[in-house]
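Working notes, structure below.
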Amino acid sequence: MSGDLAERQAALVAALVAGGPVPAGFDPAALAAAGTALLRKRAGEVARHWPLLAAGLGPRWPETFARWAAGRPTGGSLRDGWDLARDLRDRGALPPLGAEELAAREAAHRYDGRRPPRPRRLPAWGRAGGAVAVQFAGRVRLLRPARR
Numbered sequence: 001m002s003g004d005l006a007e008r009q010a011a012l013v014a015a016l017v018a019g020g021p022v023p024a025g026f027d028p029a030a031l032a033a034a035g036t037a038l039l040r041k042r043a044g045e046v047a048r049h050w051p052l053l054a055a056g057l058g059p060r061w062p063e064t065f066a067r068w069a070a071g072r073p074t075g076g077s078l079r080d081g082w083d084l085a086r087d088l089r090d091r092g093a094l095p096p097l098g099a100e101e102l103a104a105r106e107a108a109h110r111y112d113g114r115r116p117p118r119p120r121r122l123p124a125w126g127r128a129g130g131a132v133a134v135q136f137a138g139r140v141r142l143l144r145p146a147r148r
């Protein structure tokens, strides 16, 4: 009995946050509204960890984030923002402020897209959208701003 409940709960969570099918007995419109609200909340959380990325996208932030996040389970706000910034960079759509923030993060932390970011111990640098940042002795400096 508890296995059945766990399966039903997992199906509901998958429908809400990972683009899964609507489970039997649920109103698709209500489930879609709840999913939209959760994406909006998630976008706010990511914007708190990635304020320059969100500011660089301006009024396009909620739509850009929702389009990227739809069907993707969260990896946490920091990682979601990092993955989104890298995706935008790879598509040539990363705004200059986001490029500078990504370059600084890449210089300060090691992140492979699978495991949580880890602080770098040795001097390192990061690049994105023309921005170049360096980390030395735990401090990150932006050497070159992104192209405007």
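Numbering-wise (UniProt numbering), the sequence shown opens with residue 1 and increments by one. Backbone N, C-alpha and C define an ideal beta-carbon position, used for all residues, glycine too. No experiment lies behind these values; they were computed from the predicted model shown.
Looking only at DSSP bridge pairs, what is residue 142 linked to? Counting from one through the sequence shown, the residue named residue 142 turns up at place 142. DSSP lists 133 as partners of residue 142.
In terms of residue numbering, what span does the beta strand (DSSP E) encompassing residue 124 cover? Position 124 of the sequence shown, counting from 1, holds the residue named residue 124. Unbroken beta strand (DSSP E) run through residue 124: 124 to 128.
Close-in-space but distant-in-sequence residues of the same chain around residue 118 (CB under 7 Å, 5 per side omitted): Your numbering for residue 118 matches position 118 in the sequence shown. Cβ within range, chain order: 109, 110.
Of the residues 73, 61, 42, 15, the one placed nearest residue 31, counting alpha carbons only: Taking the sequence shown and counting its residues from 1, the one referred to as residue 31 is at position 31. Among 73, 61, 42, 15, the Cα nearest to that of residue 31 is on 15.
Apart from the five residues on each side of it in sequence, which residues of its chain come closer than 6 Å, Cβ to Cβ, to residue 126? As a first step, residue 126 is located in the sequence shown; it is residue number 126 there, counting from the start. Around residue 126: 103, 106, 107, 133.
Rounding to the nearest angstrom, what Cα-Cα distance links residue 54 and residue 11 in this structure? Within the sequence shown, residue 54 is the residue found at index 54, counting from 1. Within the sequence shown, residue 11 is the residue found at index 11, counting from 1. For residue 54 and residue 11, the distance between alpha carbons rounds to 31 Å.
Whose C-beta lies closer than 7 Å to the C-beta of residue 65 among residues of the same chain, with five residues either side of it excluded? Sequence index remark: in the sequence shown, residue 65 carries index 65 (1-based). Answer for residue 65: 43, 46, 84, listed in chain order.
Identify the residues that DSSP records as bridge partners of residue 119: which are they? Within the sequence shown, residue 119 is the residue found at index 119, counting from 1. Answer by DSSP bridge pairing, in chain order: 109.
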